[in-house]
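**Q** Numbering (my numbering), first residue to last: 2 to 366. Glycine residues also receive a C-beta, built at the ideal position from the N, C-alpha and C atoms.
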Amino acid sequence: QKVVYIARSRRSFPPGRFGRFLRTPSIMESSTPEPVEESSSSATASGVVESTDLEPGGEILEKLKGDRIGETMYSERFVLSTVLKLPQLDGPLGEDEDFEKDLCSLWDMTIEADVVLFLLKHDVVELLIGLAEGSEDHRLVEILLGIVGNMCCLEETHKVLYENKSLFLSLCGFLESSDTLTLVQLMRIFTTILDKSDDEAFCWFKVIREQEDITEKLAFILSSTTSSELIQHTLEAVHAMVNRFTEAEVDYAQLNEFYKMFAKPCLIEGLMEGFKQIYPETGAVSQFEEEYLTSKDLKIIQKFLEIHENFIINANEVYADKIEAIVYCVHRILIPLSSDGSLLPISKAHVRILVCINSIYSAIV
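1) What is the DSSP secondary structure of SER31, counted as helix, strand or coil?
2) For VAL185, count neighbouring C-beta atoms within 10 Å of its own C-beta (all shown protein chains included) and say buried if the count is 16 or more, exposed if not.
3) Go ahead and pull the three-state DSSP assignment for ARG210.
4) If I measure Cβ to Cβ from LEU294 and keep anything under 8 angstroms in the same chain, skipping five residues before and after, which residues do I get?
5) Taking just the CA atoms, how far does ILE354 sit from LYS300?
6) Looking at C-alpha atoms only, which residue of LYS265, GLN278 and LEU219 is the closest neighbour of ASP322?
7) If distances are taken between C-alpha atoms only, which option among LEU170, LEU187 and ARG245 comes closest to TYR260?
8) Quick one, are the C-beta atoms of CYS154 and THR193 less than 8 angstroms apart?
9) Cα separation between SER31 and LEU107?
10) Reducing DSSP to helix, strand and coil, say where SER167 ends up.
11) Taking only the alpha-carbon atoms, compute the straight-line gap between GLY152 and ILE365 and give it to the nearest angstrom.
12) When you compare only the Cα positions, how much space is there between PHE100 and ARG69?
13) Who are the near neighbours of CYS233 in its chain, counting only those whose CB is closer than 8 angstroms to its CB and skipping five residues on each side?
14) For SER76, does the three-state DSSP call read helix, strand or coil?
15) Based on the DSSP secondary-structure assignment, which residues constitute the bridge partners of ARG189?
16) In whole angstroms, give me the CA-to-CA distance for ALA133 and ASN165.
17) Nearest-angstrom Cα distance between SER228 and ASP298?
18) Sorted by chain position, which residues of the same chain lie with C-beta nearer than 7 angstroms to LEU268's C-beta, five sequence neighbours on each side aside?
19) Would you give the residue range spanned by the alpha helix (DSSP H) that SER363 belongs to?
20) Is it buried or exposed for ILE130, if we count other Cβ within 10 angstroms and need 16 for buried?
21) Go ahead and label GLU314 buried or exposed: buried means 16 or more other beta carbons lie within 10 angstroms of its beta carbon, across all protein chains shown.
22) When you compare each of THR226, ASP200, PHE276 and LYS277 to MET242 by their alpha carbons, which one comes out closest?
23) Looking only at its own chain, which residues have a Cβ that is under 6 angstroms from the Cβ of GLU113, when we skip the five neighbours before and after it?
24) Going by DSSP, name the residue or residues bridged to ARG140.
25) Return the chain-ordered list of same chain residues with a C-beta closer than 6 angstroms to the C-beta of LEU231, the five sequence neighbours on each side being excluded.
26) Just to confirm, does GLY147 get its C-beta within under 7 angstroms of one of the non-hydrogen atoms of the ligand NAD?
27) Here's a check: name, in chain order, each residue in its chain whose Cβ is nearer than 6 angstroms to the Cβ of GLY71, leaving out the five neighbours to either side.
28) Measure the C-alpha to C-alpha separation of PHE276 and SER363 and round it to an integer number of angstroms.
29) Counting only the same chain and skipping the five closest in sequence on each side, list residues whose C-beta sits under 8 angstroms from that of THR111.
30) Looking at the unbroken alpha helix (DSSP H) that takes in THR216, where does it start and where does it end?
31) Please work out which residues of its chain come closer than 8 angstroms, Cβ to Cβ, to LEU170, disregarding the five sequence neighbours upstream and downstream, and give them in chain order.
32) Can you list, in chain order, the residues of its chain whose CB lies under 8 angstroms from that of LYS304, leaving out five sequence neighbours each side?
33) Given this structure, state the Cα-to-Cα distance separating LEU1 from LEU168, to the nearest angstrom.
34) Thinking C-alpha only, which one of PRO281, VAL84 and PHE206 is nearest PHE263?
35) Does the Cβ of LEU1 have 16 or more other Cβ atoms within 10 Å, making it buried, or fewer, making it exposed?
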């Protein structure tokens with residue numbers, strides 16, 4: 002099942018203070034009445050408007066639309082002026098509060114398909130990635146990648162990144178970033194592209210395999226960060242890669258190459274360290290604080306187990322010295338899962354988790 006990942010801007014000002022049409026010029030603000038020429042027609046003289054003028058493509062309707070983008074209420078002028086200010090930014094974004102607000106508004110606007118298509122028409126993806134790549138301002142890079150992440154909800158953006166793979170590889174370069182929020186947006190981009198791209202039109206493995214040490218970089222993020230949010234997003238990105246490259250993009254000739262590239266001890270260890278960070282042990286007898294698992298917990302655990310299920314069945318040699326570690330993780334999952342509050346009602350996630358556990362134990366016994 003494919004999921005759409007849409008991010009709202011993480012604004013540095015109080016929520017609710019600014020509406021979603023922040024600083025967007027009114028479509029009527031520059032309109033001035035035009036003189037009406039006298040006509041022998043009494044209907045025209047009395048100000049009656051022909052119905053055809055109000056139909057799609059009609060003159061009056063087009064004037065009323067002003068510079069709106071598609072069917073939205075967003076202004077082309079605002080969007081373009083905001084984008085054009087980016088290369089002129091002098092100094093940290095945090096020192097220009099008004100422009101930061103405008104960028105956050107643009108980020109929010111990109112949940113609209115018409116806005117994304119408008120940006121693509123003006124080659125904005127290339128500009129955003131290029132500016133982010135050359136910037137050391139973490140807040141600016143976070144916003145720019147957040148906008149790209151929202152744009153990736155449309156397949157037209159996938160086509161741009163796929164046909165110009167240097168852009169996608171530039172995105173992969175941010176795996177070395179030390180900024181948590183930048184990495185969160187990067188993982189959103191990976192997950193959205195791999196979950197939503199057409200299986201036949203795009204072969205992303207051919208692109209990703211050109212990124213050196215991608216597995217090691219993902220493993221390092223999982224094992225070193227203390228941010229639960231980043232661990233969850235990285236876990237989702239790894240899950241999307243495993244699912245895409247072993248099931249959706251089924252090319253049996255590349256399966257061996259995939260497992261050689263991804264089924265590495267460092268990634269398995271990173272996944273387990275990330276799991277422990279999200280669900281740390283508590284108490285002297287290693288018991289859980291949680292009395293039940295939330296739907297979010299179930300989603301995370303399901304993806305965690307599905308990754309291990311795939312690797313342990315198809316590349317079980319990588320678990321040679323990690324049997325105790327995977328059994329430990331499964332044990333930690335089963336404790337809250339077996340509580341009365343977690344078992345009923347049984348969901349698809351419960352069933353999938355139990356199937357994964359069965360597959361894992363069958364492979365290691």
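**A** In this structure, then:
1) The residue given as residue 31 occupies position 30 in the sequence shown. Only weak support exists for where SER31 lies, its pLDDT of 39 falling under 50; the value from the coordinates is given anyway. Residue state, collapsed to three classes: coil.
2) Mapped onto the sequence shown, residue 185 falls at position 184. So VAL185 counts as buried.
3) By one-based count along the sequence shown, residue 210 stands at place 209. In this structure, ARG210 counts as coil in the three-state DSSP scheme.
4) The residue labelled residue 294 in the question sits at position 293 within the sequence shown. Listed in chain order, the non-local C-beta contacts of LEU294 below 8 angstroms within the same chain comprise ILE302, PRO337, LEU338 and SER343, local neighbours out to five positions each way being set aside.
5) Taking the sequence shown and counting its residues from 1, the one referred to as residue 300 is at position 299. Taking the sequence shown and counting its residues from 1, the one referred to as residue 354 is at position 353. If you take the alpha carbons of LYS300 and ILE354, they lie about 9 angstroms apart.
6) One-based indexing of the sequence shown puts residue 322 at position 321. The shortest CA-to-CA distance from ASP322 to any of LYS265, GLN278 and LEU219 is the one to LYS265.
7) Locating residue 260 in the sequence shown gives position 259, where the first residue counts as 1. Minimum Cα distance to TYR260 is reached at ARG245.
8) The sequence position of residue 154 within the sequence shown is 153, counting from 1. The sequence position of residue 193 within the sequence shown is 192, counting from 1. Yes. Within cutoff.
9) What you label residue 31 is simply residue 30 of the sequence shown in a count that begins at 1. What you label residue 107 is simply residue 106 of the sequence shown in a count that begins at 1. Note that SER31 scores a pLDDT of 39, beneath 50, so its modelled location is shaky; the value from the coordinates is reported in the next line. Using only the alpha carbons, I get a separation of about 22 angstroms.
10) Taking the first residue of the sequence shown as position 1, residue 167 is located at position 166. In the three-state reduction of the DSSP assignment, SER167 falls in the helix class, which pools H, G and I.
11) Looking up residue 152 in the sequence shown gives position 151. Looking up residue 365 in the sequence shown gives position 364. In the sequence on display, residue 152 carries Met and not Gly. Approximately 42 angstroms, taken between the alpha carbons.
12) Here residue 100 refers to the residue found at position 99 of the sequence shown. Here residue 69 refers to the residue found at position 68 of the sequence shown. Distance between the alpha carbons of PHE100 and ARG69: 21 angstroms.
13) Numbered from 1 along the sequence shown, position 232 holds the residue referred to as residue 233. Cys is not the amino acid found at residue 233; the sequence shown has Gln there. Only ILE279 and ILE301 meet the Cβ criterion.
14) Locating residue 76 in the sequence shown gives position 75, counting from the first residue. DSSP places SER76 in strand when its eight states are reduced to three.
15) As a working mapping, residue 189 is identified with position 188 in the sequence shown. Answer is none; ARG189 lacks a bridge partner.
16) Here residue 133 refers to the residue found at position 132 when the sequence shown is read from its first residue. Here residue 165 refers to the residue found at position 164 when the sequence shown is read from its first residue. For ALA133 and ASN165, the distance between alpha carbons rounds to 17 angstroms.
17) Along the sequence shown, read from residue 1 onward, the residue named residue 228 stands at position 227. Along the sequence shown, read from residue 1 onward, the residue named residue 298 stands at position 297. Rounded to the nearest angstrom, the two C-alpha atoms are 16 angstroms apart.
18) Within the sequence shown, numbered from 1, the residue matching residue 268 stands at position 267. Cβ within range, chain order: THR216, LEU219 and ALA220.
19) Here the question's residue 363 lines up with position 362 in the sequence shown. Element bounds for SER363: 349-365.
20) As a first step, residue 130 is located in the sequence shown; it is residue number 129 there, counting from the start. Label assigned to ILE130: buried.
21) Position 313 of the sequence shown, counted from the first residue, corresponds to residue 314. One detail in the question is off: residue 314 reads as Ile in this sequence, not Glu. ILE314 comes out exposed.
22) For the purposes of this step, residue 242 is identified with residue 241 of the sequence shown, where counting begins at 1. Nearest option by C-alpha distance: ASP200.
23) Here residue 113 refers to the residue found at position 112 of the sequence shown. If we look at GLU113 and ignore the five residues flanking it on each side, its Cβ neighbours are THR73.
24) Stepping through the sequence shown from its first residue, residue 140 is reached at position 139. According to DSSP, which records beta bridges pairwise, ARG140 is partnered with nothing at all.
25) Here residue 231 refers to the residue found at position 230 when the sequence shown is read from its first residue. Shown here for LEU231: same chain residues with a beta carbon closer than 6 angstroms to its own, the five before and five after excluded, namely THR181, LEU184 and VAL185 in chain order.
26) As far as ligands go, the structure on display features none, and thus does not contain the ligand NAD.
27) The residue labelled residue 71 in the question sits at position 70 within the sequence shown. Only ASP115 meet the Cβ criterion.
28) Taking the sequence shown and counting its residues from 1, the one referred to as residue 276 is at position 275. Taking the sequence shown and counting its residues from 1, the one referred to as residue 363 is at position 362. Within the model, the alpha-carbon separation for PHE276 versus SER363 is close to 22 angstroms.
29) Against the sequence shown, residue 111 aligns to sequence position 110. The residues VAL117, LEU120, ILE148, ASN151 and MET152, in chain order, have a CB closer than 8 angstroms to that of THR111 in the same chain once the five nearest residues on each side in sequence are set aside.
30) Locating residue 216 in the sequence shown gives position 215, where the first residue counts as 1. In the DSSP assignment, THR216 falls within the unbroken alpha helix (DSSP H) covering 215-225.
31) Residue 170 sits at position 169 when you count from the first residue of the sequence shown. Cβ within range, chain order: VAL208, GLU211 and GLN212.
32) One-based indexing of the sequence shown puts residue 304 at position 303. Once the five neighbours on either side are set aside, the close Cβ partners of LYS304 are LEU236, GLU237 and HIS240.
33) Coverage of the chain is limited to positions 2 through 366, which leaves residue 1 absent and any answer about it impossible.
34) One-based indexing of the sequence shown puts residue 263 at position 262. PHE263 has its Cα closest to that of PHE206, out of PRO281, VAL84 and PHE206.
35) With the chain covering only 2 through 366, there is no way to say anything about residue 1.
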